[in-house]
Amino acid sequence: MQRFLKRYYLLFTVFVFAAFLVSFIIPFCMSIYLSFVHFNSFVDFNWVGADNFIKIFAFNSPFMLSLISTAEFAILCAVSVNIISFILAFVLNCGLEGSKFFKSAFFVPSIFSGVVFGYIWQIIFSDIVFGFINPVDISKYGLWQLVFMMNWQLIGYMTIIYIASFKTVSEEVLEAARTDGASPFRILISIKIPSFMPAIIICVFLTLLNAFKVFEQNLILSQSSQDFPQMIVLNIFNTFYLKQGLVGQASAQSVIFFIAAALLSFIIIKAVHKRGIPDE
Amino acid sequence: MNKLFKHFFFIVSFVFIITIFLSPIVIVLWSSLRAPSDIPALQMADYYAAFLDSGFFKACIYSVFITIFSTGFIVFFSSMAAWMIIRVKNRINRFFYYCFVFSAFVPFAALMWTMPKTAELVHLNNPLGLIFLYLGFGAGLSIFIFSFSIKKIPVEIEEAALLDGCSLIQVFSNVVLPMLRPATIVVALINAIWIWNDYLMPSLIIGEGYETITMSIMKSGLTAYNAQLLSISIILSIIPILVFYVINRRQIIKSFAIGAPK
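Chains A and B supply the protein sequences, listed in that same order.
The first sequence maps to residues -17 to 262 in the working numbering.
The second sequence maps to residues 431 to 692 in the working numbering.
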């Protein structure tokens, strides 16, 4: 078997390896390398060590500001999305007629693209909300607009994950606990919360990850007002494409961004595997 | 009686919540259909004509083309590669596997300057090149998902097929591939939705010339903001994906839970 497999190995894998090399390995290594150089063009660059990282973490640098507003945004999202979707899941889990339909309806926004989200909200804000409130006032609440939008996007998705986790608490275990004389409070602490824990971890970190990666919505909404908060990805984008001669610093930013995103994804994957893949 | 009342209350309250929840879509739909109030001289027909001129349908064709071929290539090539990577047991292969899994954790935004530059260098900055790049960038997660199903297939079945005179390609296509069906659906759905919705990667790699739907919406919003034209394109761009969702509801919901990182 192994002999046969090795003979055909290249035929089966060469195409993917070629694509992987061009679209991931080379760009990734280039990003890491560029974060340590001062880059003007492909023939004019010099090694500066950790200088780029020192510069981007300087006090009140655009990157630090975007990092702070992203953290603020991500935490606000994680709290609001998870509380709302936990309650929704709790109610929908009662198994009343029609809850399947509601579940699918709540999931609908999750399949749209960031561009669609951004413009749907812009149309709503410019057509309806601005009719009642002064646009200057509302630009102060840029972060809240994004939080609101993120809630719309993620609630359905998180609700589904919570509902799946509720089903992991089996009736027999609860029955056994009751016969052994456990109080309802005790059941909540010792059985229910531990078995919801993986789902809570998955949902919280998924929200954090999605909030961290937000870009199109931010780009679209920041067109309308100057002092709209810049999230981390938009800041990287602007440093790369709108400012001159900051490729090294932008690469350093994207390395930091990648480390954070990879860490969050890793925690999610670990939790998903511990719990198994949820069925509907 | 009490139960009936509870049930009634549940339905009514949730219909109410859903209506509010999905009202943004309804508002956009309404905004695309109503007659323009600010410029009475222009009729609806003019708007639709302007819309037809904007190249939106060309963008639709490019989006469909890129999504279908990228997804097809990802499913086809990464299932083959995943089978080889799992079955051939040596250290280099192990290393390749971890490279692919690692790439699934890296968002495109982290490579948003270096990948377009690399693509330009090797002349992949066109729709066909974009499909190739999607294959490379989507392969990580796809191989990761396929590898779970492949590990569950007993090697003995494949060996028996080889002994019975199958060639290796036949073993893959007749024995392994049918058993990978559930994983194939998941991989196809995750990648199709990701590619259809993607904005940053096509806009940075292709740039001008060949617009996808997301690029076209973005452009019409940035150059001349017109809520009505914009709502028409938004509605037209979400109709295909909504139909797709209604048909494959269960599978899509399941796939989303698995393909979390993308």
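Cβ atoms here follow ideal geometry from the backbone N, Cα and C, with glycine treated the same way.
Would you tell me roughly how many angstroms separate the C-alpha atoms of residue i and residue j, rounded to the nearest one?
i                      : j                      : result
residue 151 of chain A : residue 455 of chain B : 36 Å
residue 705 of chain B : residue 626 of chain B : Limits of chain B in this structure are 431 at one end and 692 at the other, which puts residue 705 of chain B out of reach.
residue 515 of chain B : residue 242 of chain A : 28 Å
residue 139 of chain A : residue 29 of chain A  : 45 Å
residue 254 of chain A : residue 656 of chain B : 43 Å
residue 685 of chain B : residue 225 of chain A : 39 Å
residue 629 of chain B : residue 155 of chain A : 48 Å
residue 45 of chain A  : residue 6 of chain A   : 25 Å
residue 559 of chain B : residue 203 of chain A : 31 Å
residue 21 of chain A  : residue 196 of chain A : 27 Å
residue 620 of chain B : residue 510 of chain B : 18 Å
residue 57 of chain A  : residue 190 of chain A : 7 Å
residue 598 of chain B : residue -17 of chain A : 9 Å
residue 72 of chain A  : residue 85 of chain A  : 12 Å
residue 15 of chain A  : residue 552 of chain B : 19 Å
residue 130 of chain A : residue 26 of chain A  : 45 Å
residue 673 of chain B : residue 79 of chain A  : 24 Å
residue 250 of chain A : residue 105 of chain A : 34 Å
residue 585 of chain B : residue 566 of chain B : 27 Å
residue 218 of chain A : residue 228 of chain A : 10 Å
residue 48 of chain A  : residue 451 of chain B : 30 Å
residue 207 of chain A : residue 526 of chain B : 46 Å
residue 578 of chain B : residue 83 of chain A  : 31 Å
residue 506 of chain B : residue 497 of chain B : 14 Å
residue 198 of chain A : residue 192 of chain A : 12 Å
residue 434 of chain B : residue 589 of chain B : 60 Å
residue 60 of chain A  : residue 213 of chain A : 16 Å
residue 215 of chain A : residue 446 of chain B : 36 Å
residue 436 of chain B : residue 103 of chain A : 35 Å
residue 184 of chain A : residue 680 of chain B : 20 Å
residue 582 of chain B : residue 9 of chain A   : 34 Å
By Cβ distance, which residues of its chain are closer than 6 Å to residue i, with the 5 residues on each side in sequence left out?
i                      : result
residue 35 of chain A  : 234
residue 17 of chain A  : 34, 233, 234, 237
residue 574 of chain B : 531, 534
Return the chain-ordered list of same chain residues with a C-beta closer than 7 Å to the C-beta of residue i, the five sequence neighbours on each side being excluded.
i                      : result
residue 159 of chain A : 169, 173
residue 513 of chain B : 580, 602, 606
residue 554 of chain B : 562, 563
residue 668 of chain B : none
residue 53 of chain A  : none
Let me check you understand the geometry: is the CB of residue i closer than 7 Å to at least one non-hydrogen atom of the ligand SAH?
i                      : result
residue 447 of chain B : No copy of the ligand SAH occurs in the structure displayed, which carries no ligand at all.
Return the Cβ separation of residue i and residue j in integer angstroms, given the expectation that the two are a contact with Cβ distance under 8 Å.
i                      : j                      : result
residue 51 of chain A  : residue 211 of chain A : 4 Å
residue 55 of chain A  : residue 128 of chain A : 6 Å
residue 518 of chain B : residue -9 of chain A  : 6 Å
residue 593 of chain B : residue 534 of chain B : Not really, about 36 Å apart at Cβ, beyond 8 Å.
residue 415 of chain B : residue 101 of chain A : No answer is possible for residue 415 of chain B: the residues shown for chain B start at 431 and end at 692.
residue 508 of chain B : residue 569 of chain B : 5 Å
residue 256 of chain A : residue 180 of chain A : 6 Å
residue 634 of chain B : residue 546 of chain B : 4 Å
residue 645 of chain B : residue 632 of chain B : 6 Å
residue 222 of chain A : residue 543 of chain B : 4 Å
residue 329 of chain A : residue 142 of chain A : Look at the range of chain A in this structure, -17 to 262, and you will see that residue 329 of chain A is not part of it.
residue 134 of chain A : residue 91 of chain A  : 5 Å
residue 682 of chain B : residue 93 of chain A  : 7 Å
residue 697 of chain B : residue 239 of chain A : Because residue 697 of chain B is not part of the residues shown, which for chain B are 431 to 692, the question remains open.
Taking buried to mean at least 16 other C-beta atoms within 10 Å of its own C-beta, is residue i buried or exposed?
i                      : result
residue 608 of chain B : exposed
residue 124 of chain A : buried
residue 600 of chain B : exposed
residue 676 of chain B : exposed
residue 64 of chain A  : buried
residue 69 of chain A  : exposed
residue 176 of chain A : exposed
residue 520 of chain B : exposed
residue 247 of chain A : buried
residue 500 of chain B : buried
residue 612 of chain B : exposed
residue 659 of chain B : buried
residue 652 of chain B : exposed
Enumerate in chain order the residues of its own chain whose CB-to-CB distance from residue i is below 8 Å, with the five nearest sequence positions on each side excluded.
i                      : result
residue 81 of chain A  : 74, 75
residue 495 of chain B : 557
residue 40 of chain A  : 46
residue 32 of chain A  : 18
Measuring only between beta-carbons, confirm whether residue i sits less than 8 Å from chain C.
i                      : result
residue 552 of chain B : The structure shown contains no chain C; its protein chains are A and B.
Contiguous alpha helix (DSSP H) assignments of at least 4 residues, all confined to the segment 56 to 139 of chain A: Segments of the alpha helix (DSSP H) lying fully in the segment 56 to 139 of chain A: 81 to 89, 96 to 106, 117 to 120.
Alpha helix (DSSP H) runs wholly inside the segment 531 to 570 of chain B, at least 4 long, in chain order: 544 to 551
Ranges of the alpha helix (DSSP H) found wholly within the segment 138 to 174 of chain A, counting only runs of at least 4: 153 to 161, 166 to 169
Segments assigned alpha helix (DSSP H), at least 4 residues, entirely inside the segment 588 to 642 of chain B: DSSP runs (the alpha helix (DSSP H)) wholly in the segment 588 to 642 of chain B: 611 to 627, 630 to 635.
Start-end ranges of the alpha helix (DSSP H) lying completely within the segment 182 to 221 of chain A, minimum 4 residues: Every unbroken stretch of the alpha helix (DSSP H) spanning 4 or more residues and falling wholly within the segment 182 to 221 of chain A is given here in chain order: 198 to 206.
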